[in-house]
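Read in order, the letters of the sequence shown correspond to residues -18 to -1, 1 to 186 in mature numbering (1 follows the signal peptide of the UniProt record, and there is no 0).
Glycine included, every Cβ here is placed at the ideal spot set by N, Cα and C.
These figures come from a predicted structure and were not determined experimentally.
A short worksheet on the structure shown next.
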Amino acid sequence: MHLSFLPILLLGALTITAKELGYWTLRGFTHICTSDNSACVVRLVVLENPNGNMDPDPNDPGTTCLFAVYPEAGKSAADSGWNDSRCSNESPQYRINGGWSDMGFITVVVTNKFEDANAFFSYGKDAIADGAYQPDQSRLAYKVGTFGENDVVVEERRNAEWVEEGRDAESEVEKRQDGGHLVLADQDEADGVPRRLRFMPRLG
């Protein structure tokens, strides 16, 4: 998928001025795949920063989102995007979309369905390789349907700059198969959230 969901999000809004709603932060993004790239796990934490500030509330644990990604037709799971993934039953307001660009980065769109708002984040393919733990990213959130054509051009330029900058991983992530389950173990628990988990691959 090459960001095919973006035209749908932007349809009919190309001439409307973007309505900014303050900053959201994405914390601890990881994208970890099995050795044969038949499935991946995405983990991230969403924080809507208080009063629209760029920096999140240090006491806010945020909303943890964890979901599996499976291959699209003709692609491995590592190169596949995802649509409308939910975070948890306890946080039904959030939906997460992800899509790869030919420029070498993945765009992650976080949507708050209750507030009708979304924010766009981006990670370079090399930066997230091997499940590298990503540092905080804070980006402006927008009212859904007001992110215009000029804004898309600006965001694409920013995406390219993020990829060019690159950032070293803050922790090492080990990956292995264990009894038919994918086991992930993040060595860095600085934010107090254990990152050891298991998931059963999709059957059938």
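Inset, instruction - Name the residue from Pro38, Asn94 and Phe87 whose alpha carbon lies nearest to the alpha carbon of Lys125. - result: Numbered from its first residue, the sequence shown carries residue 125 at position 143. Residue Asn94 is the option with its Cα nearest to Lys125.
Legend entry - Host beta strand (DSSP E) of Ile14 (start-end): On the sequence shown, position 32 is the one that residue 14 refers to. First-last of the beta strand (DSSP E) with Ile14: Glu2 to Cys15.
Inset, instruction - Report yes or no: do the segment 6 to 23 and the segment 109 to 119 share at least 3 C-beta pairs separated by less than 8 Å? - result: By the Cβ test, the segment 6 to 23 is in contact with the segment 109 to 119, since at least three Cβ pairs between them sit closer than 8 Å.
Inset, instruction - May I ask which residues mark the beginning and end of the beta strand (DSSP E) holding Tyr115? - result: Your numbering for residue 115 matches position 133 in the sequence shown. Element bounds for Tyr115: n/a, residue is neither H nor E.
Legend entry - Assigned secondary structure, Gly34 (DSSP; H/G/I helix, E/B strand, else coil): For the purposes of this step, residue 34 is taken as residue 52 along the sequence shown, with counting starting at 1. DSSP, reduced to helix, strand and coil, places Gly34 within a helical segment of the structure shown.
Legend entry - Contact under 8 Å by Cβ, Val90 with Ala50: Along the sequence shown, one-based indexing puts residue 90 at 108. Along the sequence shown, one-based indexing puts residue 50 at 68. Their beta carbons are not under 8 Å apart, which means Val90 does not touch Ala50 by this criterion.
Legend entry - Every unbroken beta strand (DSSP E) within the segment 89 to 129, with a cutoff of 3 residues, ordered by chain: The qualifying runs are 99 to 106 and 119 to 125.
Inset, instruction - Helix, strand or coil for Asp66, going by three-state DSSP, please let me know. - result: Walking along the sequence shown from the start, residue 66 turns up at place 84. Here Asp66 sits in strand by DSSP.
Inset, instruction - For Ala50, name the three-state secondary structure that DSSP assigns. - result: Counting from 1 along the sequence shown, the entry for residue 50 is found at position 68. Correct three-state label for Ala50: strand.
Inset, instruction - Give the C-beta separation of Asp42 and Leu29 to the nearest angstrom, bearing in mind that I take them to be a contact with Cβ-Cβ under 8 Å. - result: Looking up residue 42 in the sequence shown gives position 60. Looking up residue 29 in the sequence shown gives position 47. The beta-carbon distance between Asp42 and Leu29, rounded to whole angstroms, is 6 Å. This is short enough to meet the 8 Å contact definition.
Inset, instruction - May I have the straight-line CA-CA distance separating Asp98 from Pro53, to the nearest angstrom? - result: Taking the first residue of the sequence shown as 1, we reach residue 98 at position 116. Taking the first residue of the sequence shown as 1, we reach residue 53 at position 71. If you draw a straight line from the Cα of Asp98 to the Cα of Pro53, it is about 29 Å long.
Legend entry - Close-in-space but distant-in-sequence residues of the same chain around Asn35 (CB under 8 Å, 5 per side omitted): Locating residue 35 in the sequence shown gives position 53, where the first residue counts as 1. Answer for Asn35: Gly4 and Tyr5, listed in chain order.
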